[in-house]
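A quick write-up on the structure given underneath.
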Amino acid sequence: MKVLITGAGGFIGSHLAKALIERDYKVRGLFLPLETVNHAEKLGIEIVRGDLTKLETLRGVTDGIDTVYHLATRTLDWGTKKQFESVMVHGTKNLLIEACGKIKRFIYFSSIAALGFGRDTAGLNEGDEQVKTGIPYCDTKISAEKIVRDFCKSNDIDFTIIRPANVMGPGSVWVREVLDAYLRAPFPLISKGNTPGAFVYIDNLIEGSILAAESEKAIGKTYHLRDDYSATWGDYLKELGSLIGKKPFSSLSFKLAWFMGWFFELFLTPFGIRPPVSRLAAAVFGKNNNVDNSLAKKDLGWTTRISYTEGMKSISEWVKTHYKAPLSKGSKDYYNRVVYITGGSSGIGLEIAKLMAQKGAHIMIMARSQKQLDEARSIVESKRRHFHQNIQTLSMDVSLPDDVAKKIEQAIKLIGIPDIVINSAGIIAADHFENISYNSFDKVMKINVYGTWSVIQNLLPMMRERGGGRFVLISSAAGLMGMYGYSCYSASKFAIVGFSECLRSEMKKYNINVTVVCPPDVKTPMVLKEAETIPPEALAVKKLAGSLKPEYVARVVIKGMSNNKYMIIPGLMAKIAYYSQIYLGGWSSRAIADWIIKRERKRIIKD
């Protein structure tokens, strides 16, 4: 038997496709024109493309199909009525028109929300009245169900309507969205979290859906697929939050949450801005929606096979190994994100590693000295938020291209493809120009410039294929304005700024962001060592911009990344120097530097 699944790339659709393929069904999946299909192809799904909102793009998608599983929907809890109708009402009608006269069975996936959320629906069965309550998602599900019933009856198509409860499982919307919400900001419970949770575990849902599709008794009927769990929303949200060290705070009454949802939807939705709370969310969390599920048990022999405890155990394992904090603007958490840090055994790199460990990231620290790496790993591991965080180290010399290629390959095997790459490896050569040899200049360029290029060049193909990430390049205030005694170092850091500017433009098409950091003098082992050769004039000029602690710079860097900043300049004096360079043509900073140098020379001569 051959089936078509709309929404085959979604959570429920992909699980349904996998289950049907295991039962020797031939599965065709309908995907949007630009939708990624890598996972579907690996499952063995036949790929067809089309847009449910455009009938002309659906021609032929149901040719040779016996049963259609229509899952495609709008899963957001907010949006305009027009947005929901476009997919859920008009899209459903378009699919039925295309399938008419070709298919034997139409399985429509609706929702228990089609009863009309905003009121207690506990105990209601499939034949009870559906009430439109003004929530676009619920109201359009009601309209779509009516279209399915009327069209199928008029055109002799056998149909069944499935109304799932809130679908839980590893990677479901009710896992990802809740965890993402926790990481955006603390959120309150509704009705103190005491509302019973109307759940269905993904495996139980798939089993019930296939039973309905294969049953003659299910033709023309609607089924509530809700598991017999006793957990409340408070139980679920607290247990899920505990997996990432978060918990809800306070509580809102249902009436207040409903009013807030109405207010925010009224003023924010027309501008495409997601409201902080919606009426649908208030209705889900604040009203008892444990609908009657006895018909599915009676007709299909369906049961709650996977218990709540078993389901949460699977979700817990998935969160530990697969969930990653979103890297959208404003994200302040890096749970399960993979971070590579070159030059991470000391200074700014080490401080960033410590903060990232506190924020839940997996970290690969790279530097030349194995002894320093071992010490750094011990420090960073002590900062971990969760015991399962993977902290690894590799001895790597960024100035050696072959070593970089080899160690990057090893790093990926150890910890995976990075989400964020911090290029912090670098050295300083501070001296008068005439004292800097070719070899010294070459060494600085190989580490500071070629080393950065080599790391990015080796990681880019994998990050590009994976679909995004961020490169962070540590430059210097000396990369924004030339400084006395830094002809070598400043040249390398100017190169990093220019390199970053080019990367920023080129990487956009790959969804890879670029950040360049230009700190002034930072109290790191590298800077302390430069005191052996730095000219006194250069030291006097450096004091003008001030000196920062590496832990402060690390905090500023992570905050800047979270806000998707391109250029980060830590420290007030460094910012003043930079903007005077931009807006005053650099004459003021040069004049001040010249005056300081002249004064310092006089002091040296006098001494």
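For the sequence shown, this note's numbering begins at 8 and goes up steadily by one.
Where a beta carbon is used, it is the ideal one built from N, C-alpha and C, also for glycine.
Inter-residue Cα distance where the pair is residue i and residue j
i       : j       : result
Tyr-643 : Ala-368 : Nothing can be reported for residue 643: it is not among the residues displayed for the chain, which extend from 8 to 614.
Gly-215 : Lys-420 : 40 Å
Trp-602 : Pro-526 : 23 Å
Glu-513 : Arg-471 : 12 Å
Ser-399 : Phe-270 : Position check: residue 399 holds Gln in this sequence, whereas Ser was assumed. Whole-angstrom Cα-Cα distance: 48 Å.
Gly-351 : Lys-414 : 15 Å
Gln-377 : Ser-402 : 6 Å
Val-174 : Val-207 : 5 Å
Asp-438 : Ser-431 : 22 Å
Lys-366 : Tyr-341 : 5 Å
Ala-167 : Arg-183 : Before going further, note that residue 167 is Thr rather than Ala in the sequence given. C-alpha separation (whole angstroms): 29 Å.
Ala-47  : Ser-447 : 54 Å
Ser-117 : Asp-58  : 19 Å
Ile-427 : Lys-304 : 49 Å
Lys-556 : Val-564 : 13 Å
Gln-396 : Glu-382 : 17 Å
Tyr-445 : Gly-486 : 20 Å
Leu-196 : Met-319 : 19 Å
Met-267 : Lys-88  : 18 Å
Gly-293 : Thr-202 : 6 Å
Ile-359 : Ala-290 : 42 Å
Tyr-517 : Gly-474 : 6 Å
Ser-222 : Lys-262 : 42 Å
Ile-349 : Val-456 : At residue 349 the sequence reads Thr, which differs from the Ile that was named. Whole-angstrom Cα-Cα distance: 13 Å.
Lys-361 : Val-55  : 47 Å
Glu-105 : Thr-64  : 10 Å
Leu-582 : Ile-576 : Reading the sequence as shown, one finds Lys at residue 582 and not Leu. Using only the alpha carbons, I get a separation of about 6 Å.
Ile-589 : Met-488 : 10 Å
Reference residue i; option with closest CA among the options
i       : options                               : result
Asp-410 : Ala-360, Val-462 and Lys-366          : Val-462
Arg-606 : Thr-99, Ile-575, Glu-544 and Ile-589  : Glu-544
Tyr-330 : Tyr-189, Ile-541, Ile-575 and Val-174 : Tyr-189
Leu-407 : Glu-324, Val-451, Tyr-559 and Gly-423 : Val-451
Asn-465 : Ser-483, Glu-416 and Ala-106          : Glu-416
Phe-501 : Ser-482, Val-185, Lys-515 and Leu-510 : Ser-482
Phe-194 : Asn-397, Ser-257 and Arg-66           : Ser-257
Pro-542 : His-22, Pro-577, Leu-131 and Met-490  : Met-490
Glu-53  : Arg-156, Ala-15 and Arg-66            : Ala-15
Ser-301 : Gly-248, Pro-425, Ala-264 and Gly-130 : Gly-130
Asp-242 : His-231, Lys-254 and Leu-232          : Lys-254
Lys-453 : Glu-441, Leu-467, Met-469 and Ala-436 : Ala-436
Gly-134 : Val-185, His-231 and Gly-71           : His-231
Leu-357 : Ile-322, Arg-477, Leu-39 and Arg-384  : Arg-384
Lys-49  : Val-34, Leu-41 and Met-371            : Val-34
Leu-154 : Gly-252, Ala-484 and Val-96           : For the record, residue 154 in the displayed sequence is Ile; it is not Leu. Nearest of Gly-252, Ala-484 and Val-96 to Ile-154, Cα basis: Val-96.
Asn-571 : Arg-511, Glu-42, Asp-163 and Gly-578  : Arg-511
Met-8   : Met-469, Lys-224 and Ala-220          : Ala-220
Cβ-Cβ distance between residue i and residue j below 8 Å
i       : j       : result
Trp-460 : Pro-282 : no
Val-479 : Ile-503 : no
Val-346 : Met-373 : no
Val-94  : Arg-81  : yes
Ile-226 : Arg-170 : no
Phe-18  : Val-284 : no
Tyr-315 : Ala-205 : no
Asp-234 : Asn-211 : yes
Pro-532 : Ser-353 : yes
Thr-60  : Gly-108 : no
Leu-37  : Val-10  : no
Glu-92  : Thr-13  : no
Residue i, enclosing beta strand (DSSP E) - first and last residue
i       : result
Gln-399 : 398-402
Gly-476 : 476-481
Phe-38  : 33-38
Pro-171 : 165-171
Arg-5   : Since the first and last residues shown for the chain are 8 and 614, residue 5 lies out of range.
His-369 : 369-374
Tyr-76  : 74-77
Tyr-347 : 345-349
Ala-116 : Strictly speaking, residue 116 in this sequence is Phe, with Ala absent from that position. From DSSP, the beta strand (DSSP E) with Phe-116 extends over 112-116.
Ile-427 : 427-430
Extent of the continuous alpha helix (DSSP H) run through residue i
i       : result
Pro-255 : Here Pro-255 belongs to no alpha helix (DSSP H), and DSSP marks it neither H nor E.
Pro-408 : 408-422
Glu-53  : Unbroken run through Glu-53 is the beta strand (DSSP E), 53-56; no alpha helix (DSSP H).
Ala-219 : 209-221
Leu-232 : Segment 229-232 is the beta strand (DSSP E) holding Leu-232; no alpha helix (DSSP H) there.
Arg-562 : 557-569
Any non-hydrogen atom of the ligand SAH within 7 Å of residue i CB
i       : result
Arg-183 : Within the structure as shown, the ligand SAH is missing, as the structure has no ligands at all.
The segment 139-150 in contact with the segment 116-127 per 3-pair CB rule at 8 Å
Verdict: yes, contact present.
Does the segment 102-112 come close enough to the segment 64-78 that 3 or more CB-CB pairs lie under 8 Å?
Touching, yes, given that three or more Cβ pairs across the two stretches are closer than 8 Å.
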